[in-house]
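**Student:** Numbering (our numbering), first residue to last: 5 to 125.
Following this message is one structure expressed as structure tokens.
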């Protein structure tokens, strides 16, 4: 799926059917995947797809703020400011997916070893 995403970005740019198929494939692959994290002492879980969406949403919001304050301007914003297209949100989502796959491929996650405590300690 990652290879398909890379091909889409560099070769099949603009092919909406390939894009929809990739997102459907990612949805099927990662639907039940959970990310576990710790806040202070409490362990919590969140669906991976939700986590990616939230990060993509915050990047998209930051992009809108940056274009509003003229940090950079897209060609369609030369005359008047307009929000960045929601279609760009899917690009940020795909970036999150590719980043996650590449980082987890390079840095293997080691699961923590559970130690049984001796009675009375």
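C-beta atoms are modelled at their ideal positions from N, C-alpha and C, and glycine is treated no differently.
Computed from a prediction, not measured in an experiment: that's the story for all the values here.
Which whole-angstrom value is the C-beta distance of residue 71 and residue 63, which I expect to be below 8 Å?
**Tutor:** Taking the chain shown and counting its residues from 1, one reaches residue 71 at position 67. Taking the chain shown and counting its residues from 1, one reaches residue 63 at position 59. Not confirmed; about 13 Å, so no contact.
**Student:** Could you have a look at residue 23 and say whether DSSP puts it in helix, strand or coil?
**Tutor:** For the purposes of this step, residue 23 is taken as residue 19 along the chain shown, with counting starting at 1. In this structure, residue 23 counts as helix in the three-state DSSP scheme.
**Student:** Which two residues bound the contiguous beta strand (DSSP E) that contains residue 78?
**Tutor:** For the purposes of this step, residue 78 is identified with residue 74 of the chain shown, where counting begins at 1. Run containing residue 78: none; DSSP gives neither H nor E here.
**Student:** State the Cα-Cα distance for the pair residue 147 and residue 82, rounded to the nearest angstrom.
**Tutor:** For the chain, the structure presents residues 5 to 125; residue 147 sits outside this window and is missing.
**Student:** Could you compute how far the alpha carbon of residue 113 sits from the alpha carbon of residue 84?
**Tutor:** Counted from its first residue, the chain shown places residue 113 at position 109. Counted from its first residue, the chain shown places residue 84 at position 80. Taking the straight line from one Cα to the other gives about 47 Å.
**Student:** Would the beta-carbon of residue 59 fall within 7 Å of that of residue 100?
**Tutor:** Indexing the chain shown from 1 puts residue 59 at position 55. Indexing the chain shown from 1 puts residue 100 at position 96. In contact: residue 59 and residue 100 (Cβ atoms closer than 7 Å).
**Student:** Determine whether the beta carbon atoms of residue 52 and residue 34 lie at a separation below 7 Å.
**Tutor:** Numbered from its first residue, the chain shown carries residue 52 at position 48. Numbered from its first residue, the chain shown carries residue 34 at position 30. Against a cut-off of 7 Å, the Cβ pair of residue 34 and residue 52 comes out as a contact.
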